[in-house]
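Numbering (my numbering), first residue to last: 601 to 668. C-beta: ideal position from N, C-alpha, C; glycine also. Inspection log for the structure reproduced underneath, given as structure tokens.
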Amino acid sequence: MSKKTSGKTRIYLYVLLTIAGCILACTSIIPNDYLKLTIVMVTLCIGLYGIMKGLSASSNSEETTIGE
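Below you can see the structure in the form of structure tokens.
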């Protein structure tokens, strides 16, 4: 059960990272456009990768419990 809750918290953290990337894209906190683009792309890529990985891991664990 502890693995299940830690998986959910990781997904929430990746969602927050993705939202932070979107906020950085819309604000003028970072004045340099190229630096802003780099930071936003990195945060979005890491966030989306983490969300996809977390969701695929949770579906795989459910399939193994159903199969057994």
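Short Cβ contact (9 angstroms threshold) for I611 with I646: As a first step, residue 611 must be located in the sequence shown, where it is residue number 11. As a first step, residue 646 must be located in the sequence shown, where it is residue number 46. Not a contact, by the Cβ cut-off of 9 angstroms.
Rounded C-alpha distance that separates L648 from P631: Residue mapping note: residue 648 aligns to position 48 of the sequence shown, counting from 1. Residue mapping note: residue 631 aligns to position 31 of the sequence shown, counting from 1. Rounded to the nearest angstrom, the two C-alpha atoms are 25 angstroms apart.
Top-ranked residue by Cα proximity to Y614, from L637, L644, T627: In the sequence shown, residue 614 corresponds to position 14, counting from 1. Comparing C-alpha distances from Y614 to each of L637, L644, T627 shows the shortest one belongs to L644.
Contact check, V640 vs C622, beta carbons under 9 angstroms: Position 40 of the sequence shown holds residue 640. Position 22 of the sequence shown holds residue 622. Contact check for V640 against C622 passes: the beta carbons are separated by less than 9 angstroms.
Backbone secondary structure at I646 - three-state DSSP: For the purposes of this step, residue 646 is taken as residue 46 along the sequence shown, with counting starting at 1. I646 sits in a helix when the DSSP states are folded into three classes.
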